[in-house]
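Taking UniProt numbering, the leading residue of the sequence shown gets 1, the next gets one more, and so forth. Beta carbons: idealized from backbone N, C-alpha and C, even for Gly. Single-structure report; data block below.
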Amino acid sequence: MIRRKLKHSRVKNLYKFASQKNKATCLVESSLEFDACFHFEYSREIKTFEAQPLGFEYEFDGRICRYTPDFLITHHEKPQKYIEVKPYSKIANPEFRARFAQKQLVAKELIGIELILVTDKQIRVYPTLDNLKLLHRYSGFQSLTDLQLSIIQLLNQWRKLSIQDLAMTLKASIGEVLASVYRLLSLGSVNSDLNTELTLESVIWADGV
């Protein structure tokens, strides 16, 4: 197994993603990989994700080549998976497809981990990605406020309420309630449909409802 260490250079920009889930900062090579991190961070199925995990060698065209997956995903219940992130425009290349098939074979047969391909068509989906980036701005280690605790208590009682209904019921300003809801969503303490734009009419519900 091979460990690849990313380094800054004049020709390549590196991106840092601060992950509360991993309790660490991920260093990635492209803006597309950076955007993928938001999906991993807020997926309830994913326990942890590692950028640039241990790599492996594979044979291609009579040569031994080294390969490091972009991510190793550890799920709560499903098996681990390697992730290769690529722009959709590049996956039709015959050599890429042949190399990737060989990498998949080695990953599965020798390591026992499936390697899957994820493209910008799966990552840069809107408004989902915008919502995830919004929630990430409210993530952190600070303790819950009284208003946030009141929102959780109210949702446990009423099950589902819109953000506007929460503000009216709690007699709090829209700005305070929005910030509190975003914080709770980032923590996974409450839920909403993140595949639609977050507005005052967005319905919020308690975890487990």
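Residue(s) in a DSSP beta bridge with residue i
i	result
R99	The partner list for R99 (beta bridge, DSSP) is empty, contrary to what the question assumes.
W158	Paired residues: none, contrary to the question.
Residues near residue i by beta carbon distance below 8 angstroms, same chain, minus five either side
i	result
T25	K16, F17, A18, S19
V190	I151, I152, L155, V181, L184, I204, W205, A206, D207
L134	Y182, L198
7 angstroms CB neighbourhood of residue i in its chain, flanking five on each side removed
i	result
L32	V85, P87, D120, I123
V106	F56, Y58
I83	P69, D70, F71, I73, I116, V118
Sequence-distant residues of its chain with Cβ nearer than 6 angstroms to residue i (five each side left out)
i	result
K64	The sequence given here places Ile at residue 64; Lys does not occur at that position. The residues are E57.
F49	F40, F71, I73
L198	N131
S162	E201, V203
I174	A167
V209	With a pLDDT of 48 at V209, under the threshold of 50, the predicted position of this residue should be treated as unreliable, though the coordinate-derived value follows. Excluding positions up to five away in sequence, the list reads R159.
Neighbour-count burial assignment, residue i, 16 or more Cβ in a 10 Å radius
i	result
H76	exposed
L54	exposed
K103	buried
D61	exposed
Problem - the segment 133-148 in contact with the segment 87-101 per 3-pair CB rule at 8 angstroms - result: no
Problem - Touch test, the segment 149-167 against the segment 181-197, Cβ-Cβ under 8 angstroms, three pairs minimum - result: yes
Practice task
Would you check if there are 3 or more beta carbon pairs closer than 8 angstroms linking the segment 155-164 to the segment 102-122?
Solution key: no
Problem - Whole alpha helix (DSSP H) elements within the segment 45-110, 4-residue minimum - result: 94-106
Problem - Start-end ranges of the alpha helix (DSSP H) lying completely within the segment 111-165, minimum 4 residues - result: 120-123, 128-136, 146-158
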